[in-house]
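Colleague: Got a structure for you, written out below as structure tokens; questions coming shortly.
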Amino acid sequence: MNFVLVASILFGLGLYGVLSRRDVIAVLASVELMLGAATVMLVGLAGLPSLSSQGGADPGTIEATGLLLLVMAAAAAAVGLALLVAIARSTGRTRTDELTDVRDRP
Amino acid sequence: MIAEFSASSIAFWLLSAVSIGSAAVVVFTRDVMRLAISLGVFFLTVAGWYLYFTHAFLAVAQVFLYAGGVLVLVLFAIMFLRRSKAGEPILESRHSTDSVVIAVGLGFLVVMSLRDRVPIALPQQAFPTTTELADILLGPMLPHLAAVSLLLLVACVSVLVVFGGERE
Amino acid sequence: MDATETTSSQTGVLGGAGVSSESADTAEGLVINVGPSHPSTHGVCRVIVHLDGEIVRKAEPVIGYLHRGIEKMCENRTWLQCVPLTDRLDYVGSMYSNWAYCRAVERLSEIRVPERAEYIRVLVCELQRIASHMMALGASGADTGAATMFIYAFDERERVIELFEELCGARLTYNYVRPGGVSVDLPEGWTDRVLEFARKHRIALAEMDRLFLGNAIARARLKGIGVLDPDVAVAWGASGPVARGSGVNWDLRKHDPYSVYPRFDFDVPLGSRGDCFDRARCRLFEAFESCRIIEQAISQMPEGPVMTAGLPRLLKPAAGDAYDHIESARGSLGVYVVSDGSVRPYRVKFRSPAFCNLALLPLLAEGHTLSDLVVILGSLDPVFGEVDR
Amino acid sequence: MSGFVGGLIWGLAAGTLIAIAALFGVWWERKVAGRIQMRIGPQTTGPAGILQTIADTLKLILKEDITPDQADVRVFRLAPLVVFVPVAMSFSVIPFAAGFAPLDTSVGMLFFLAVPALSVIGILLGGWSSRNTYATIGAIRAAAQMISYELPRALAVLSLVVLAGSIRPLDVMAAWSPWWIIATAPGFIVYFIASIAEVNRGPFDIPEAESELVAGYFADYSGIRWSIFMMAEYGGMVAASLFGAAVFLGGWNWLPGIGGILVFVALTLALVTAMVWVKWTYPRLRADQLMSFAWKIMTPAAIVQLVVVAVIAPWL
Chain A
588 MNFVLVASIL FGLGLYGVLS RRDVIAVLAS VELMLGAATV MLVGLAGLPS
638 LSSQGGADPG TIEATGLLLL VMAAAAAAVG LALLVAIARS TGRTRTDELT
688 DVRDRP
Chain B
3 MIAEFSASSI AFWLLSAVSI GSAAVVVFTR DVMRLAISLG VFFLTVAGWY
53 LYFTHAFLAV AQVFLYAGGV LVLVLFAIMF LRRSKAGEPI LESRHSTDSV
103 VIAVGLGFLV VMSLRDRVPI ALPQQAFPTT TELADILLGP MLPHLAAVSL
153 LLLVACVSVL VVFGGERE
Chain C
2 MDATETTSSQ TGVLGGAGVS SESADTAEGL VINVGPSHPS THGVCRVIVH
52 LDGEIVRKAE PVIGYLHRGI EKMCENRTWL QCVPLTDRLD YVGSMYSNWA
102 YCRAVERLSE IRVPERAEYI RVLVCELQRI ASHMMALGAS GADTGAATMF
152 IYAFDERERV IELFEELCGA RLTYNYVRPG GVSVDLPEGW TDRVLEFARK
202 HRIALAEMDR LFLGNAIARA RLKGIGVLDP DVAVAWGASG PVARGSGVNW
252 DLRKHDPYSV YPRFDFDVPL GSRGDCFDRA RCRLFEAFES CRIIEQAISQ
302 MPEGPVMTAG LPRLLKPAAG DAYDHIESAR GSLGVYVVSD GSVRPYRVKF
352 RSPAFCNLAL LPLLAEGHTL SDLVVILGSL DPVFGEVDR
Chain D
3 MSGFVGGLIW GLAAGTLIAI AALFGVWWER KVAGRIQMRI GPQTTGPAGI
53 LQTIADTLKL ILKEDITPDQ ADVRVFRLAP LVVFVPVAMS FSVIPFAAGF
103 APLDTSVGML FFLAVPALSV IGILLGGWSS RNTYATIGAI RAAAQMISYE
153 LPRALAVLSL VVLAGSIRPL DVMAAWSPWW IIATAPGFIV YFIASIAEVN
203 RGPFDIPEAE SELVAGYFAD YSGIRWSIFM MAEYGGMVAA SLFGAAVFLG
253 GWNWLPGIGG ILVFVALTLA LVTAMVWVKW TYPRLRADQL MSFAWKIMTP
303 AAIVQLVVVA VIAPWL
């Protein structure tokens with residue numbers, strides 16, 4: 588029992604949310620769960636001696652990588668939310684199964 | 003598999019319980035505000051995990067970016083999209099066997115693939131200082147930093163385009 | 002849109018909360034009620050505001066919350082008993098309603114008012130103008146969040162009210178101007194205190210000008226907000242500082258001189274841009290001009306009676322009608338009275354400037370933000386006792 | 003376990019400190035505002051009215067705690083605490099005396115910037131759960147405002163980090179020299195203005211603008227829950243002043259020993275008074291003016307400050 592299991596559970600929960608949720612906001616929140624789980628897994632695993640002996644991941648590099656990942660994920664979330672709000676306001680739909688059009692309906 | 007009773011293990015169990023619990027609420031709740039609150043709790047527990055792995059800077063950055071930034075954006079989106087006059091806003095799910103199978107299967111695969119590679123106990127790590135972090139970010143990882151900065155700029159511009167285009 | 006509605010009605014779950022069925026009431030399509038009890042409506046006005054985000058798309062004033070049927074009540078009272086009712090019209094400037102009504106009744110009954118009484122009327126009405134404008138300026142401060150400006154302006158107003166209290170015992174509803182003159186003569190030493198007030202008031206006005214109208218934030222909040230075109234102002238019957246802020250040179254004291262106003266030397270301040278800043282500035286300068294008039298009135302004031310002698314206890318004007326108007330703090334205040342020869346008016350009609358000015362609100366507020374709406378409403382300086390009557 | 007007990011004690015101490023700071027802050031604000039407005043302010047309860055706030059607090063505790071009929075009750079009750087707790091936490095990293103901060107962490111400067119930012123979540127929750135249009139508009143304004151002003155505030159503090167070469171507050175204090183005041187004066191002004199905006203005080207009290215939004219996001223709160231919002235506001239004001247007085251103005255570095263603490267307190271009090279002074283003399287900005295001020299003036303100024311400091315840092 589260790590954090591790998593916890594992170595996997597979190598990742599699985601997020602994945603289940605992405606698959607089962609119908610509301611775009613909930614889907615996006617589930618994506619955030621997956622991202623969080625993945626980053627926790629990465630940061631946790633990178634610090635393990637069994638891996639650092641092979642790859643030489645010192646704490647500073649882990650932290651720097653984690654930071655960049657964090658920033659990227661946050662930027663992605665911001666763009667995603669902006670798109671979502673724009674789409675929902677122009678089409679009036681917030682459900683994934685309603686958002687089936689690639690272009691405007693005639 | 004009995005962990006010794008220490009501050010570290012208490013923190014581990016607490017973090018595990020709270021993070022899984024809040025994630026479960028995010029996935030299963032039908033109330034959009036509960037979803038947002040538990041997402042915030044989840045972000046804070048992720049910060050807690052970073053702290054657990056002795057990455058204090060990462061933890062504070064997580065709080066700053068996610069709990070203070072992304073969560074506010076999520077709340078914004080909720081307010082923009084789902085203002086209801088009466089009754090609780092309801093989130094709908096289609097709980098199907100397929101998604102359960104896929105999610106459980108993938109999670110199981112991840113666990114199985116990492117199981118024999120990961121030791122049980124958490125190793126003692128050096129505490130990275132911010133100076134070290136800066137040296138790395140501006141030294142060996144400078145291209146990465148530049149790439150991420152560029153990505154951020156693109157993200158900013160695209161958000162502006164998305165909203166600016168809609169206004170016309 | 003049809004398809005969306007079908008979907009939501011089929012599933013039914015999103016109905017109450019979903020975007021599809023209630024997209025009109027998302028954050029960009031808000032409808033909010035400002036009032037009838039709201040800190041910035043300056044009384045009991047209700048404005049239904051349609052918002053797009055923070056931008057006002059439509060603002061509809063709903064009036065009548067303070068309607069007391071004063072015009073109708075006048076028909077059941079004697080001519081003299083109507084004077085206290087007029088106090089309750091413009092409760093920020095009761096002297097004007099008193100005087101306008103009295104002028105109409107005097108015109109109808111052909112009563113000549115003693116000269117001293119005319120001077121006293123001008124004196125108290127200019128003091129009243131200061132009090133009223135201080136209220137409007139203070140409200141502009143409160144609307145923009147400048148609490149100290151509000152207190153400073155109300156402090157000046159309080160000085161005037163104290164003078165009135167000494168004069169006639171009342172602080173708001175004076176019932177001082179009566180048909181035939183004024184109710185009592187000035188108290189001993191009162192004019193000295195008024196002169197002292199006028200001297201100090203000029204300093205206070207200059208201070209307020211620096212404190213509030215000179216402030217960068219206040220300028221940013223007031224300039225270019227609620228711009229009223231001069232042609233529109235004339236077309237909609239705006240008057241007073243609201244019209245003069247747009248550069249419409251219309252002041253009954255100059256353009257239809259009444260009472261002893263032609264004997265005084267004073268200017269009519271005019272704005273140029275017609276925004277909230279110009280309206281506020283006009284009020285400030287008018288208070289300066291009022292100080293000038295007050296000083297001239299006191300120096301020219303003759304001795305003599307303050308009430309026409311031999312006036313019957315029960316006025317009974319001959320059948321007929323009369324109209325008279327004066328320049329109140331809010332603009333042209335007109336009174337139309339009809340007599341059927343009895344002891345009671347047949348009809349009394351007030352032309353209230355606040356009503357006409359308030360009608361401009363939807364026009365001025367459109368396209369501005371919610372924060373500007375309250376500033377614009379404050380700059381129109383409505384008094385709902387007079388709007389609703 | 004000793005760490006836990008110590009943390010508990012510090013938590014209680016911080017809570018008491020904030021309560022006292024809020025009580026004193028309210029009284030001080032009323033006194034200063036009274037002087038500005040040619041009044042006296044509270045005077046009858048206790049000497050110079052100092053007990054007035056305690057009486058008010060008792061009144062607020064005894065008042066009915068109204069929950070709107072349509073409100074999302076649990077979220078509604080949770081919101082004031084979500085606003086208050088981050089503010090309380092932000093006190094823990096302030097360097098109160100030489101070599102002492104309740105929570106001496108290597109990321110203290112960032113902690114002070116990041117954690118109070120969480121209270122915006124409580125504001126959004128409170129504004130939303132009231133089911134009141136005024137409250138919702140206030141909450142959205144608050145969120146937009148606080149996110150916008152976090153950036154210049156963080157950039158302004160960053161110039162100190164560059165000078166000190168550390169984000170541990172005690173390191174910054176140790177490296178501090180009086181020349182920094184001149185070098186970071188624009189940064190301090192940016193920090194001060196952004197802090198006023200962060201705690202939603204005038205002239206940036208747009209989210210709670212009483213003239214248009216009545217009370218904004220806490221329009222439907224009453225009694226003790228309302229006072230928790232107010233305590234968070236005053237606590238935030240005091241925390242921002244303490245932090246600014248310490249890291250920007252040198253705090254206890256001016257004099258050794260107890261004299262330094264007194265200087266620190268005096269500087270903090272001066273900053274609190276300045277905030278009160280600004281609030282009671284200035285009108286309120288409009289939401290769009292506030293945003294353009296943040297993005298067109300504050301942020302560029304903070305960036306220029308940072309660049310200047312980065313250039314001159316080797317000589318300081």
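Chains as they are written, first to last, in this note's numbering: chain A, 588 to 693; chain B, 3 to 170; chain C, 2 to 390; chain D, 3 to 318.
Quick reminder that beta carbons are idealized off the backbone N, C-alpha and C, glycines included.
1) When the Cα atoms are used, what is the spatial distance from V311(D) to L31(C)?
2) Report yes or no: is there a C-beta of chain B within less than 7 angstroms of the C-beta of V618(A)?
3) Mapping DSSP to helix, strand and coil, what is N34(C)?
4) Can you pull the chain E neighbours of S11(B), defined as C-beta to C-beta under 8 angstroms?
5) My understanding is that P188(C) touches E167(C), with C-beta atoms under 8 angstroms, so please give their C-beta distance in whole angstroms.
6) What does M35(B) reach in chain A if we use C-beta pairs closer than 7 angstroms?
7) Which ranges would you report for the beta strand (DSSP E) in the region 43-112 of chain C if only whole runs of at least 3 residues count?
8) Taking only the alpha-carbon atoms, compute the straight-line gap between I12(B) and S18(B) and give it to the nearest angstrom.
9) Which residues in chain C sit within 7 angstroms of T283(D), going by Cβ to Cβ distance?
10) At a cut-off of 6 angstroms, would you count A289(D) as near the ligand NAP, judging by its Cβ distance to the nearest heavy atom?
11) Along the alpha helix (DSSP H) that carries F190(D), what are the first and last residues, could you check?
12) Would F113(D) count as contacting chain B if we go by Cβ distances under 7 angstroms?
13) To which residues of the same chain is V123(C) closer than 8 angstroms at the C-beta, ignoring the five residues directly before and after it?
14) Is there contact between the region 67-81 of chain D and the region 112-132 of chain D, where contact requires at least three CB pairs shorter than 8 angstroms?
15) What would DSSP say about I96(D), mapped onto helix, strand or coil?
16) Tell me, please, which residues DSSP counts as bridged to Y324(C).
17) Write down the C-beta distance between A211(D) and G146(C) rounded to the nearest angstrom, noting that I regard them as a contact closer than 8 angstroms.
18) Expressed to the nearest angstrom, what Euclidean distance is found between the alpha-carbon atoms of L381(C) and G332(C)?
19) Short of 8 angstroms in beta carbon distance, which residues of its chain neighbour M135(C), apart from the five on each side in sequence? Order them along the chain.
20) Whole angstroms are fine: how far does the CA of L10(D) sit from the CA of L632(A)?
21) Assess contact between the region 181-189 of chain D and the region 99-118 of chain D, defined as three or more Cβ pairs (one per stretch) separated by less than 8 angstroms. Is contact present?
22) Cβ of E119(C) within 7 angstroms of Cβ of P303(C)?
23) Just to confirm the assignment, what range does the alpha helix (DSSP H) spanning P383(C) have?
24) Does DSSP put G128(D) in a helix, a strand or coil?
25) Helix, strand or coil: how does DSSP classify G238(C) here?
26) Identify whether K350(C) lies in helix, strand or coil by the three-state DSSP scheme.
27) I'd like to know if the region 190-201 of chain D and the region 371-385 of chain C are in contact, where contact means that at least 3 CB-CB pairs between them fall below 8 angstroms.
28) Between the alpha carbons of Y603(A) and L668(A), how many angstroms are there, rounded?
29) Ignore the nearest five residues each way along the sequence and tell me which others in L67(C)'s own chain have a CB closer than 8 angstroms to its CB.
30) So which residues of chain D does L31(C) contact, with C-beta pairs closer than 9 angstroms?
31) Find out if the Cβ-Cβ distance for the pair I138(B), A651(A) is shorter than 7 angstroms.
32) Alpha helix (DSSP H) containing L632(A): first to last residue?
33) Which residues in the same chain have their Cβ closer than 6 angstroms to the Cβ of D373(C), if we skip the five residues on either side of it in sequence?
34) Quick one: list the residues of chain D neighbouring I218(C), beta-carbon separation under 7 angstroms, in chain order.
35) Which residue comes first and which comes last in the alpha helix (DSSP H) that contains R130(C)?
36) Does any CB atom of chain B fall closer than 7 angstroms to the CB of A304(D)?
Modeller: In short, the structure shows the following:
1) When rounded, the separation of the alpha-carbon atoms in V311(D) and L31(C) is 46 angstroms.
2) No, no contact with chain B.
3) It is a strand residue.
4) Given the protein chain composition of this structure (A, B, C and D), no chain E is represented.
5) With a contact defined as Cβ atoms closer than 8 angstroms, P188(C) and E167(C) qualify at about 6 angstroms.
6) What M35(B) touches in chain A: nothing, since even the nearest Cβ is about 11 angstroms away.
7) Here the runs fully enclosed are 47-53, 56-63.
8) If you take the alpha carbons of I12(B) and S18(B), they lie about 10 angstroms apart.
9) The contacting residues are T149.
10) Among the components of this structure there are no ligands whatsoever, and the ligand NAP is therefore not found.
11) Judged by DSSP secondary structure, F190(D) falls within the alpha helix (DSSP H) whose first and last residues are 187-200.
12) Judged by the 7 angstroms Cβ criterion, F113(D) is in contact with chain B.
13) Counting only Cβ-Cβ distances below 8 angstroms, and skipping sequence neighbours, we find S260, V261, Y262, F265, I294, A298.
14) Contact holds between the region 67-81 of chain D and the region 112-132 of chain D, because three or more Cβ pairs, one in each stretch, are under 8 angstroms apart.
15) Here I96(D) carries a coil assignment [DSSP, helix/strand/coil].
16) Y324(C) is bridged by DSSP to Y337(C).
17) Contact holds; Cβ gap of about 6 angstroms.
18) In a straight line, the C-alpha of L381(C) is about 11 angstroms away from that of G332(C).
19) The residues are A154, F155, E157, R158, V161, A288.
20) If you take the alpha carbons of L632(A) and L10(D), they lie about 33 angstroms apart.
21) No: fewer than three Cβ pairs fall under 8 angstroms.
22) In terms of Cβ geometry, E119(C) and P303(C) do not form a close pair [threshold 7 angstroms].
23) No alpha helix (DSSP H) holds P383(C); DSSP gives it neither H nor E.
24) When DSSP states are grouped into helix, strand and coil, G128(D) belongs to the helix group.
25) Here G238(C) sits in coil by DSSP.
26) If DSSP states are grouped into helix, strand and coil, K350(C) belongs with the strands.
27) No, the region 190-201 of chain D does not touch the region 371-385 of chain C.
28) C-alpha of Y603(A) to C-alpha of L668(A): approximately 20 angstroms in a straight line.
29) Excluding sequence neighbours, L67(C) sits near G44, V45, F385, G386, V388, D389.
30) The answer, in chain order, is T135, T138, I139.
31) Yes, they are a contact pair.
32) Element bounds for L632(A): 611-633.
33) Correct list, in chain order: I226.
34) Ordered by position in chain D, the residues that pass the 7 angstroms Cβ test against I218(C) are P205, Y284, P285, L287.
35) Counting along the chain, the unbroken alpha helix (DSSP H) around R130(C) starts and ends at 116-145.
36) No, A304(D) does not count as interfacial toward chain B.
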